[in-house]
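Only one structure is covered here, and it is reproduced in the block below.
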Amino acid sequence: MKRKFITLIFLIIIFGKIVVAQNSKNIQTKESITITEFCSINLNKEISVRIKDELSSEKIHNLMLACNSYEKGKIGPIDLDLSNCTFKNKECNIFITNLKNVRSLVLPKTTKTITFCLASDMENITLPDGLERIEKQAFFRTKLKSIEIPESVQYVGALAFGDIENLQYIKIFNNPHKTKWSYIWNKWNDAKILEDDAVFLPKENDSKEKYGIIRFSKTDYHIAFDTVDMEIYLDKKPGKNQKAVLHFYDAHNKNESAGDIEIEVKKGKKTITIKKYPAANFFISETNDYYTIINECCDYWIKLRCEIEFSDGTTIPLEGFCYIYEEPIPAGIS
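Mind the numbering: the sequence shown is residues 273 to 606 in our numbering, read in order.
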């Protein structure tokens, strides 16, 4: 009980240095907070920010972990500004995991290294001058539309911006260190790279026509162990019963074929359901980057998209995708 009381007093003291907007969605440090060991700021029952100086059992020193309720969607997007946080050890290495609902993040000014994981709702991030390392897959599958990498960044890891659907551009200025970055740092996105004073010009009339949707029961499937449930929704009702083929292809690999499924399309039915299709029936082509990605990221995955071809030769694209992944076989196992 005594420990709980002391902790409560500590949180009250720390809480006085945090400004929260009326909608409880904007979190910003009002004045400089020096983190000497560990502090946890509970903003309400659903949002907390935990900041720690050191991890005694880890090589990574200085940890900042932001988290909120598992009930995603209950509290809405969070804009988190930690620019005024300073650390006892001066340098701050950021490791963030399961960062749900954080839409915008401003990092501490002394941040040197970023290692992110599962920051899937992030739309905007401000990287401080002085940042030195962006680790592998740091912004993987976020919702960023653009990002500026400071000139101080000495290393960017493999697939740091991989699988960001709407990433338009990456500004890297005239960075003297970029030759030392992983050569696959920018794989698996369609972003334009802007250097020096280059300006991004959005494309006009860049809309994609949709003819149907394919939805998968989850996002990621292991090629050896999982089965895939999928449901197809056509925009128009088929005029007759007919055979069709689902053509799957790998969007990571220039739309290389990844497998086919023969199906029956029923007259007047816009929905087609496929249950427990073995993921092992899809195949992963070994691209030029296959072994590099395996070595740097520990596994490899394809981005599976699909189109449907009817018996009369008509082919229509389906909106939606999933990932099929595999892991390397350990040495000595065949």
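Beta carbons: idealized from backbone N, C-alpha and C, even for Gly.
Beta bridge counterpart(s) of Val374 as assigned by DSSP: Ile350
Beta-carbon gap between Tyr483 and Trp453 smaller than 7 Å: no
Tyr563 to Cys569 span [Cα, whole Å]: Straight-line spacing of the CA atoms in Tyr563 and Cys569 works out to 10 Å.
Residue from Glu528, Lys547, Lys459 with nearest C-alpha to Thr499: Lys547
Element boundaries [alpha helix (DSSP H), containing Ile566]: 562-569
Nearest residue (CA-CA) to His494, options Lys538, Ile533, Ile444, Ile556: Ile556
Three-state secondary structure (DSSP) of Ala530: strand
Exposed unless 16 or more other CB atoms sit within 10 angstroms - verdict on Asp435: buried
Whether Ile544 touches Leu576 by CB criterion (7 Å): Taking C-beta atoms as the reference points, Ile544 and Leu576 fail to come closer than 7 Å.
Contact under 7 Å by Cβ, Val425 with Leu403: yes
Glu599 classed as buried or exposed, judged by whether at least 16 other C-beta atoms fall within 10 angstroms: exposed
Bridge-paired residues (DSSP) for Asp492: Tyr595
Integer-rounded CB distance, given that Lys515 should sit under 8 Å from Glu536: With a Cβ gap of about 6 Å, Glu536 and Lys515 count as contacting.
For Glu579 and Glu591, the rounded distance between their alpha carbons: CA-to-CA, the gap between Glu591 and Glu579 works out to about 9 Å.
Cα-Cα separation, Asn334 to Lys384: Since pLDDT at Asn334 reaches only 46, below the 50 mark, its modelled position is unreliable, and the value read off the structure follows with that caveat. Looking at the two C-alpha atoms, the distance is approximately 10 Å.
Alpha-carbon spacing of Thr559 relative to Tyr455, whole angstroms: 15 Å
Bounding residues of the beta strand (DSSP E) (the contiguous stretch that carries Trp573): 572-582
Segment limits, beta strand (DSSP E) that includes Ala516: 514-522
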